[in-house]
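Below: one structure, written as structure tokens.
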Amino acid sequence: MALWWTRDRMAFVMPTFLGIIASALAETDDSWRGRLRALLATLGCFAAAALAVQMLYAHGIALAAMLVAAAFVLTMLGAVGERYRAIASATLILALYGAIGMEHFAATGAPFWQEPALLLLGAAWYGLLSVAWAAVFVHQPVQQNLARLYTLLGEYLWLKSALFEPVRGIDVERRRIGLARHNATLVAALNTTKESLYRRTDTPGSRTGSRRLRRYLALYFLAQDVHERASASHAAYGEMTDAFFHSDVMYRCQRLLALQGTACQQLARAIQLRRPFDGGSGDRQQAAADLRDAIAHLQTQTAGRTPARERLLRSLVALEGNLAALDMRLTGATRPAALDDPRSDRSLFDRSAHGWREALARVRLQLTPQAAVFRHAVRLSLALAAGFAVQQVLQLDQGWWILLTTLFVCQPSYGETLRRVVQRVTGTLGGLVVGWALFDLFPDLRMQSVVAVAAGVVFFATRRTRYTVATGAITLLVLLSFNQIGNGYDLIVPRLVDTVIGAAIAGAAVFLVLPDWRSRRLEQVASAALAASGRYLQQILEQYRTGKRDDLAYRLARRNAHNADAALSSALSGMLQEPGFLRDSAESGIRFLLQSHTLLNYLSALGAHRRDGGASAATPEIDTAADLLPGAIARMAERLAARQAPETTDDAALAALADALDAAAAADSAEDRARRQLALVCRQLPAIGEGIRRLLATAALPATLTETTP
186 MALWWTRDRM
196 AFVMPTFLGI
206 IASALAETDD
216 SWRGRLRALL
226 ATLGCFAAAA
236 LAVQMLYAHG
246 IALAAMLVAA
256 AFVLTMLGAV
266 GERYRAIASA
276 TLILALYGAI
286 GMEHFAATGA
296 PFWQEPALLL
306 LGAAWYGLLS
316 VAWAAVFVHQ
326 PVQQNLARLY
336 TLLGEYLWLK
346 SALFEPVRGI
356 DVERRRIGLA
366 RHNATLVAAL
376 NTTKESLYRR
386 TDTPGSRTGS
396 RRLRRYLALY
406 FLAQDVHERA
416 SASHAAYGEM
426 TDAFFHSDVM
436 YRCQRLLALQ
446 GTACQQLARA
456 IQLRRPFDGG
466 SGDRQQAAAD
476 LRDAIAHLQT
486 QTAGRTPARE
496 RLLRSLVALE
506 GNLAALDMRL
516 TGATRPAALD
526 DPRSDRSLFD
536 RSAHGWREAL
546 ARVRLQLTPQ
556 AAVFRHAVRL
566 SLALAAGFAV
576 QQVLQLDQGW
586 WILLTTLFVC
596 QPSYGETLRR
606 VVQRVTGTLG
616 GLVVGWALFD
626 LFPDLRMQSV
636 VAVAAGVVFF
646 ATRRTRYTVA
656 TGAITLLVLL
666 SFNQIGNGYD
676 LIVPRLVDTV
686 IGAAIAGAAV
696 FLVLPDWRSR
706 RLEQVASAAL
716 AASGRYLQQI
726 LEQYRTGKRD
736 DLAYRLARRN
746 AHNADAALSS
756 ALSGMLQEPG
766 FLRDSAESGI
776 RFLLQSHTLL
786 NYLSALGAHR
796 RDGGASAATP
806 EIDTAADLLP
816 GAIARMAERL
826 AARQAPETTD
836 DAALAALADA
846 LDAAAAADSA
856 EDRARRQLAL
866 VCRQLPAIGE
876 GIRRLLATAA
886 LPATLTETTP
């Protein structure tokens, strides 16, 4: 803004700003080297898009065909990875920005290269600032992601503590649903932090040259361990509440979990401000001691000792041991040197494509009508074609905003698109009203330029968290920038009309064109969650034979299980936003989520009680469970994917194994804890089988119309 004000070239402000915005939308978290490579690729794509629009602008049909084809190709390229998806989307956005600017520059007789040059100037200016920022503040994104991760982890522990409330008649299922949904957010934060760390540990010299990076990596692995222990379940919470209702032991568990959640929040604050972590370990140690005393008192009582109560008491002892280990891990965070163990496996799994052959293979895998990416690509292309047709037929002023709105609003799912429609229209209306008021309140153009810059900052600050505010800010920026060279009032009505039309086209497209209804592929997502839990169990049992080691294979199986559980939770949330005639399986789907998530909780407890050393828990019963359980889970997942009810041939064997495991678990050794957890798994599988039958009975469509996602 300052550059063009001093040179009296205010007509250059808008295209430069649009180039800046497009470049920011193409940005992904990376090291400065990665950002520089991505910037060069982005500028190349931007130059090709801007020049193509410039050359084809006078040929309407050719320009429309180019935009439609580009929308399909660039959307499909997003299947390669996040970085490619961001660059492809931003390239399409810049192409429409170029078309919007051409409406003005075509009337002024400016050179053909001027509009593309200004767009690229803005994009390069932001890109260079971004690379310089990443080079100076190398670890800032990792620091912010870790702080958010521990904040969410603290909230998870608070939600988990609510399950131990010693009150009869509370809605435990509702709280468990809330915990499962929050777990999906927490898993996404774990994935974001892992990618942020990997992009910096994958650079030359980073593994040994940065003490701070090693500490951040250790804090990430600590968060994984805390998450596994926090998500562990040792018994049904309702049974424990009934059995120990006249004791304060459940309250003691609740208090310790809540204090550990507070410690995670304090650790998040310490990471954010780069301060030493105190953690309030004194309060937690006292709460842990009180819990041990309460359990010891229960163990001395002889009245009312039944086998069921004895089993729950032993589960309570295992729970206390898990919470004590969790507390020790949090206490270790106060000593940075204790976290940096060079002997541990610090490798991270790389999910990015290596080479153009692998990238093409990923795209080829999505070239099927059953793939969500392909459906979105077709839907978006046709929506842009419809927007162009409306623009040409109605001859609307600033009609390119129709296509831009459609591009921003049209999302892969119906629920996301509907939410974006409301946010986009509301934000645009708010921005237009504020802009109209500012024209009268601050008629001086220099003051308006300051407000425009401030609006751009607000847009960048809120575009990922508060989309309505971000839309209002970008609308205000456009209004005030156009007012620098013309009458901003003339843009108010066309911008509102175009936004409404573009949003309506996007809504119609997601409803009519290859709709990706979550309810139609719920069985596939549920099957994937079940299969991932089976692979996680297999890894756990292997380590019970060979000894605990948090190697990449184990951590990958654990993360995949939680990712699949989060995908199931997200699919159900999306399904609840779909039209009513598609929600027939909503209740059975939620109940299956609870059963599947409970199974994952039992597995987390089994994983949390692994011990260092050799085959510390290899017993005949555990060996039998290792032979039976993963296969039984895999068969259930396969039949669910095929929309077939699970067979009951394993139920008798599971019941017999559960009884044998419980009978052998007469003490509190590591082997006995493993036996009790495996018995819980055995008893959970028939319940999951019944949940599968209910899910299939209420499925929205017959098997012939089921959609799958490769």
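Numbering (the numbering used here), first residue to last: 186 to 895. Glycine included, every Cβ here is placed at the ideal spot set by N, Cα and C. Every value quoted in this text rests on a predicted model; they were computed, and no experiment measured them.
What does the alpha-carbon distance come out to for the pair residue i and residue j?
{"i": "C230", "j": "T276", "result": "6 Å"}
{"i": "A817", "j": "A373", "result": "29 Å"}
{"i": "V321", "j": "S216", "result": "10 Å"}
{"i": "G702", "j": "D427", "result": "Position check: residue 702 holds Trp in this sequence, whereas Gly was assumed. Looking at the two C-alpha atoms, the distance is approximately 41 Å."}
{"i": "G799", "j": "D736", "result": "Here G799 scores only 46 on pLDDT, less than 50, and its place in the model is too uncertain to base an answer on."}
{"i": "V682", "j": "W586", "result": "9 Å"}
{"i": "L442", "j": "L342", "result": "6 Å"}
{"i": "L778", "j": "A826", "result": "16 Å"}
{"i": "Y599", "j": "G719", "result": "31 Å"}
{"i": "S274", "j": "A226", "result": "13 Å"}
{"i": "G423", "j": "V265", "result": "46 Å"}
{"i": "V654", "j": "R333", "result": "22 Å"}
{"i": "T378", "j": "S532", "result": "14 Å"}
{"i": "H236", "j": "A247", "result": "Per the sequence shown, the amino acid found at residue 236 is Leu instead of His. Approximately 14 Å, taken between the alpha carbons."}
{"i": "T553", "j": "W541", "result": "20 Å"}
{"i": "Q608", "j": "Q762", "result": "15 Å"}
{"i": "Y269", "j": "L588", "result": "22 Å"}
{"i": "Q728", "j": "A738", "result": "11 Å"}
{"i": "H419", "j": "A742", "result": "21 Å"}
{"i": "A280", "j": "M251", "result": "10 Å"}
{"i": "I690", "j": "Q583", "result": "17 Å"}
{"i": "R734", "j": "I659", "result": "50 Å"}
{"i": "T684", "j": "Q328", "result": "38 Å"}
{"i": "F627", "j": "Q633", "result": "7 Å"}
{"i": "R680", "j": "H324", "result": "40 Å"}
{"i": "G615", "j": "G657", "result": "6 Å"}
{"i": "R824", "j": "D433", "result": "45 Å"}
{"i": "G390", "j": "R396", "result": "Residue placement at G390 is flagged as unreliable, the pLDDT there being 47, under the threshold of 50; a coordinate-derived value is accordingly withheld."}
{"i": "Q486", "j": "E495", "result": "11 Å"}
{"i": "A882", "j": "E875", "result": "11 Å"}
{"i": "L722", "j": "N330", "result": "29 Å"}
{"i": "R744", "j": "P301", "result": "44 Å"}
On the criterion of 16 or more Cβ atoms from any shown chain inside 10 Å, does residue i qualify as buried, or is it exposed?
{"i": "N368", "result": "buried"}
{"i": "N672", "result": "exposed"}
{"i": "L259", "result": "buried"}
{"i": "Y242", "result": "buried"}
{"i": "D835", "result": "buried"}
{"i": "H747", "result": "buried"}
{"i": "D478", "result": "exposed"}
{"i": "V578", "result": "exposed"}
{"i": "D356", "result": "exposed"}
{"i": "S381", "result": "buried"}
{"i": "Q580", "result": "exposed"}
{"i": "M513", "result": "exposed"}
{"i": "F406", "result": "buried"}
Can the beta-carbon of residue i be found less than 8 Å from the beta-carbon of residue j?
{"i": "S770", "j": "A417", "result": "no"}
{"i": "L210", "j": "I278", "result": "yes"}
{"i": "S781", "j": "L753", "result": "yes"}
{"i": "I775", "j": "R860", "result": "no"}
{"i": "G283", "j": "L304", "result": "yes"}
{"i": "L483", "j": "F429", "result": "yes"}
{"i": "A470", "j": "F462", "result": "Inspection of the sequence shows that residue 470 is occupied by Gln rather than by Ala. Taking 8 Å as the Cβ cut-off, Q470 and F462 do not qualify as a contacting pair."}
{"i": "R564", "j": "C595", "result": "yes"}
{"i": "P597", "j": "A568", "result": "no"}
{"i": "A646", "j": "L662", "result": "no"}
{"i": "R360", "j": "L348", "result": "yes"}
{"i": "C438", "j": "L404", "result": "no"}
Closer than 8 Å, CB to CB, is residue i near chain C or not?
{"i": "L545", "result": "Chain labels in this structure do not include chain C; a single protein chain is all it has."}
What alpha helix (DSSP H) runs, 4 residues minimum, are completely inside the segment 512-586?
-> If we require 4 residues or more, the alpha helix (DSSP H) runs fully inside the segment 512-586 come out as 521-524, 540-550 and 557-579.
request  = Can you check the segment 719-762 for any alpha helix (DSSP H) of at least 4 residues that lies completely inside it and give the ranges in chain order?
outcome  = Note on the segment 719-762: whole alpha helix (DSSP H) runs with a minimum of 4 residues are 737-760, in chain order.
Alpha helix (DSSP H) segments (min. 4 residues) lying fully within the segment 581-624 = 585-594
Please give me, in chain order, every unbroken run of the beta strand (DSSP E) with length at least 3 that falls completely inside the segment 335-381. none
Original post:
Could you give the uninterrupted runs of the beta strand (DSSP E) lying entirely in the segment 648-725, keeping only those of 3 residues or more?
Top reply: none
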